[in-house]
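Below is one structure; the comments refer to it alone.
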Amino acid sequence: MSALAESPSSLAVASRTDESVVVLTVQGVLNNSNSAALRDIIMQATHGEPSAVIVNVNALQVPAKTAWSTLIGARWQAGTQPNVPITLVCADRATRDAIDDSDVARFMPVYASEKAAIKALDRLTRRTLRHADAELPANLTSLRESRRLVREWLTAWSQSALIPVALVVVNVFIENVLEHTGSVPLMRVETDGASATIAVSDDSTTPAVRLPSPEKGIDVSGLAIVDALSRAWGSAPTSSGKTVWAVIGPENQL
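Under my numbering, the first residue of the sequence shown is numbered -17, with each subsequent residue one higher.
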């Protein structure tokens, strides 16, 4: 048992390994002061490349539903093994719905029991998840290089139909990093064969947010375009800053 704090709002995380699956059982209250610690523990559990990581949150209290979204960062942290599936277990239907609403389930499927999660691992571990990463320079050459790499990777993965929208998305993300943070952009592109995810990380803790639409006219800001062109997008905190991600599928083809 690893206790993160002694206060009434503390978290306690117990870890066990069943065959090659790491199971984390979390108790306590998830809030802004400890969500980063839980995120890092989940990330660290992927080290050694177990067949999967199951996070049991049955005994976890989450007063603010938005706190669930912080867990997405565990999927995009530097050091997380992308080929290791991460799943959540929650018996309460309303809580599972809250997790779904937070977009966490897009990257960490949620099941009603550990038995159901383990049963699903056969399918999750058989999936073919292709991914590639690149560290880009903190200057305008990153715009051209990111587009070149996205085109190259998606072509190699037989996802050419998604290239036009992917190029728009990555261009917006890289531009925002260069304009608002001055960071070195870290780009990851993934595909499971049915959809693709474009993710760009930077060292700024300020979340990426879409600005309110103008009272008149059409909102043509970068993130408004991403919102219109993607299945879903979001901004997730990580230990080194944040990751902005977007999922695109066949319905988003240009």
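The beta carbon of each residue, even a glycine, is placed where N, CA and C say it ideally should be.
Practice task
Indicate the three-state DSSP secondary structure (helix, strand or coil) for residue 221 in the structure shown.
Solution key: Against the sequence shown, residue 221 aligns to sequence position 239. DSSP places residue 221 in coil when its eight states are reduced to three.
Problem - Helix, strand or coil at residue -1 [DSSP, three-state] - result: For the purposes of this step, residue -1 is identified with residue 17 of the sequence shown, where counting begins at 1. Three-state DSSP puts residue -1 in a strand.
Practice task
Evaluate the contact criterion for the region 128 to 142 versus the region 82 to 96: three or more CB pairs, one atom per stretch, below 8 Å.
Solution key: no
Problem - Extent of the continuous beta strand (DSSP E) to which residue 26 belongs - result: Position 44 of the sequence shown, counted from the first residue, corresponds to residue 26. First-last for residue 26: 17 to 27, but that is the alpha helix (DSSP H), not the beta strand (DSSP E).
Practice task
Could you say which of 211, 186, 102, 160 lies nearest to residue 118 if we only look at CA atoms?
Solution key: Walking along the sequence shown from the start, residue 118 turns up at place 136. If we check each option's Cα against that of residue 118, 160 comes out closest.
Exercise for the section: Can you give me the start and stop residues for the beta strand (DSSP E) that residue 35 sits inside? Expected result: In the sequence shown, residue 35 corresponds to position 53, counting from 1. It spans 34 to 43 - the beta strand (DSSP E) in which residue 35 sits, taken as one unbroken run.
Exercise for the section: Figure out for me which residue from 142, 54, 23 has the closest Cα to the Cα of residue 228. Expected result: For this step, residue 228 is matched to residue 246 along the sequence shown. The shortest C-alpha separation from residue 228 is found at 54.
Exercise for the section: May I ask you to report which of helix, strand or coil DSSP gives residue 237? Expected result: What the structure shows of the chain is the stretch from -17 to 236, and residue 237 is not part of that stretch, so it cannot be assessed.
Exercise for the section: Could you check what DSSP says for residue 55 in three-state terms: helix, strand or coil? Expected result: In the sequence shown, the residue the question calls residue 55 occupies position 73. Looking at residue 55 - three-state DSSP - the assignment turns out to be helix.
Problem - Secondary structure of residue 208, DSSP reduced to three states - result: Residue mapping note: residue 208 aligns to position 226 of the sequence shown, counting from 1. It is helical.
Handout entry: Beta-carbon proximity of residue 220 to residue 165, cut-off 8 Å
Key = Here residue 220 refers to the residue found at position 238 when the sequence shown is read from its first residue. Here residue 165 refers to the residue found at position 183 when the sequence shown is read from its first residue. In this structure, residue 165 does not lie closer than 8 Å to residue 220 by Cβ.
Handout entry: Residues bridged to residue 188 [DSSP beta-bridge criterion]
Key = Counting from one through the sequence shown, the residue named residue 188 turns up at place 206. As computed with DSSP, residue 188 is found in no beta bridge at all.
Handout entry: Near the ligand GTP: residue 57 beta-carbon under 7 Å from a heavy atom
Key = With respect to the ligand GTP, the structure offers nothing, as it holds no ligand at all.
Practice task
Please say whether residue 33 and residue -3 have beta carbons closer to each other than 8 Å?
Solution key: Here residue -3 refers to the residue found at position 15 of the sequence shown. Here residue 33 refers to the residue found at position 51 of the sequence shown. No, Cβ-Cβ distance for residue -3 and residue 33 is not below 8 Å.
Handout entry: Identity of the residues DSSP links to residue 82 by a beta bridge
Key = As a position in the sequence shown, residue 82 is number 100, starting the count at 1. Per DSSP, none; premise fails for residue 82.
Exercise for the section: Using the DSSP secondary-structure output, state which residues sit across from residue 90 in a beta bridge. Expected result: Along the sequence shown, one-based indexing puts residue 90 at 108. None, per the DSSP bridge assignment.
Problem - residue 126, DSSP secondary structure in three states - result: Working through the sequence shown from its first residue, we reach residue 126 at position 144. Helix, per DSSP.
Handout entry: Same chain only: Cβ atoms within 6 Å of residue 231, ignoring 5 sequence neighbours per side
Key = The residue given as residue 231 occupies position 249 in the sequence shown. Closer than 6 Å at Cβ, skipping near neighbours: 177, 213.
Practice task
Going by DSSP, name the residue or residues bridged to residue 166.
Solution key: For the purposes of this step, residue 166 is identified with residue 184 of the sequence shown, where counting begins at 1. Paired residues: none, contrary to the question.
Practice task
Leaving out five residues on either side along the sequence, give the residues of the same chain with a beta carbon under 7 Å from the beta carbon of residue 135.
Solution key: Mapped onto the sequence shown, residue 135 falls at position 153. 114, 171, listed in sequence order.
Practice task
Out of 10, -6, 58, point me to the one whose CA is closest to residue 25's CA.
Solution key: To locate residue 25, count along the sequence shown from 1; it is residue 43. When only C-alpha atoms are compared, the closest one is 58.
Handout entry: alpha helix (DSSP H) segment containing residue 174, residue limits
Key = Position 192 of the sequence shown holds residue 174. Looking at the DSSP string, residue 174 is not in any alpha helix (DSSP H), and its letter there is neither H nor E.
Handout entry: Buried or exposed by the 16-neighbour rule on C-beta atoms within 10 Å, applied to residue 10
Key = Position 28 of the sequence shown holds residue 10. Buried, by the Cβ-count rule.
Problem - Burial state of residue 216 (16 or more Cβ within 10 Å) - result: Residue mapping note: residue 216 aligns to position 234 of the sequence shown, counting from 1. It is buried - the Cβ of residue 216 has at least 16 other Cβ atoms within 10 Å.
Problem - Limits of the unbroken alpha helix (DSSP H) element including residue 104 - result: By one-based count along the sequence shown, residue 104 stands at place 122. Counting along the chain, the alpha helix (DSSP H) containing residue 104 begins and ends at 96 to 108.
Practice task
Note down the Cα distance separating residue 38 from residue 71, rounded to an integer number of angstroms.
Solution key: By one-based count along the sequence shown, residue 38 stands at place 56. By one-based count along the sequence shown, residue 71 stands at place 89. Approximately 5 Å between the Cα atoms of the pair.
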